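Numbering (the UniProt record's numbering), first residue to last: 1 to 367. Glycine is no exception: its CB is placed at the ideal position from the N, C-alpha and C atoms. Computed from a predicted model, the values in this text were never measured in an experiment.
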């Protein structure tokens with residue numbers, strides 16, 4: 001059961017309780033402060049940019065990004081933006097970038113809110129069908145979320161109508177799904193249930209028909225304190241997940257090659273100040289993780305954004321890069337998303353001060 005100190009953590013009752021939304025103005029100047037990695041000229045850092053490089057930004061607050069590589073070599077990012085998280089004007093926005101370009105395309109709102117805010121978009125390219133899927137949630141708060149997706153057959157130039165995922169299906173809570181050899185989609189999902197959404201449970205949601213129908217695998221539980229899993233394939237082909245927790249450390253759970261038969265989660269040595277994480281299995285066998293390396297409470301725990309690597313499928317980790325670190329200043333760098341591109345480079349997107357989305361391009365061979 002959650003304890004009293006949990007209420008001090010962001011995400012516990014929504015970050016709006018911990019951050020003053022009046023601090024955000026869409027007309028405020030866009031000032032791109034280089035990452036710590038850029039300031040130190042780390043050889044792995046190839047490129048970095050804010051998606052919204054000019055003022056005014058389309059909305060004051062921007063959060064929870066996702067990123068995908070498109071068929072033609074471009075990249076697309078999506079996120080939710082509005083007056084602030086949970087406000088009725090929060091919609092889903094997208095932007096694209098081609099390697100070598102100076103800036104991202106002007107943001108476009110592809111899901112407009114209709115009476116309730118939208119949340120946590122997730123982009124996913126389904127290889128078996130060739131479709132680009134955009135998952136998102138609609139509801140006043142996570143306790144009442146309904147999961148939806150939109151499909152695109154032209155890499156996001158146009159989108160089909162919203163499709164509700166079905167009763168009890170939330171969709172990927174934050175992180176990208178994985179695709180099995182037979183085209184099965186596995187999404188890391190979670191619930192924030194119980195009284196006031198204080199009981200957290202993790203699931204895997206499975207679709208064998210290109211995302212048209214879904215079933216749930218689980219629950220996967222750790223004292224009601226885990227959400228937003230990130231799935232990856234281990235070296236032996238088994239499906240694993242790293243999980244955000246309210247236990248001060250990130251958790252790891254292991255399934256079989258079909259994404260079933262999950263073990264009880266165990267805590268790793270990676271700090272987790274109740275903040276979002278994401279991981280990707282690199283083609284060289286390493287697992288790359290982006291996370292907030294901090295034990296501080298509240299938003300202060302999201303002021304350090306780091307990269308770690310595992311050589312043993314998530315059992316142990318070594319921090320190899322600091323992307324952001326504001327020292328004593330409290331600035332939120334959170335909710336990372338990470339993919340490996342076809343050429344081997346790694347793209348990371350993340351919330352930048354709740355006012356923008358930053359994207360960095362890394363060479364994993366130099367980590």
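I need the DSSP call for residue i, collapsed to helix, strand or coil.
i: residue 336; result: strand
i: residue 359; result: strand
i: residue 196; result: helix
i: residue 53; result: coil
i: residue 301; result: helix
i: residue 294; result: coil
i: residue 143; result: helix
i: residue 271; result: strand
i: residue 235; result: coil
i: residue 372; result: Lying before the first or after the last residue shown, residue 372 is absent from the chain, which here runs from 1 to 367.
i: residue 65; result: strand
i: residue 326; result: coil
i: residue 166; result: coil
i: residue 21; result: For residue 21, the pLDDT reaches just 49, beneath the cut-off of 50, and the residue's location in the model is therefore unreliable, leaving the point undetermined.
i: residue 95; result: strand
How big is the Cα-Cα spacing for residue i and residue j?
i: residue 79; j: residue 88; result: 15 Å
i: residue 349; j: residue 195; result: 33 Å
i: residue 149; j: residue 129; result: 15 Å
i: residue 173; j: residue 188; result: 6 Å
i: residue 141; j: residue 192; result: 9 Å
Locate the alpha helix (DSSP H) running through residue i, then write down its first and last residues.
i: residue 36; result: 36 to 39
CB residue i to CB residue j, shorter than 8 Å?
i: residue 231; j: residue 282; result: no
i: residue 234; j: residue 313; result: yes
i: residue 91; j: residue 109; result: yes
i: residue 59; j: residue 131; result: no
i: residue 383; j: residue 52; result: Because residue 383 is not part of the residues shown, which for the chain are 1 to 367, the question remains open.
i: residue 64; j: residue 335; result: yes
i: residue 237; j: residue 215; result: no
i: residue 86; j: residue 61; result: no
i: residue 338; j: residue 269; result: no
Looking at the secondary structure, which residues open and close the beta strand (DSSP E) in which residue i lies?
i: residue 121; result: 118 to 125
i: residue 262; result: From DSSP, residue 262 is part of no beta strand (DSSP E); its letter is neither H nor E.
i: residue 114; result: Counting along the chain, residue 114 falls outside any beta strand (DSSP E), and DSSP gives it neither H nor E.
i: residue 218; result: 215 to 220
Rounded to the nearest angstrom, how far is the Cβ of residue i from that of residue j, given a contact under 8 Å?
i: residue 260; j: residue 217; result: 6 Å
i: residue 177; j: residue 124; result: 5 Å
i: residue 390; j: residue 220; result: The question about residue 390 has no answer here: the residues shown for the chain are numbered 1 through 367.
i: residue 333; j: residue 351; result: 7 Å
i: residue 44; j: residue 362; result: 5 Å
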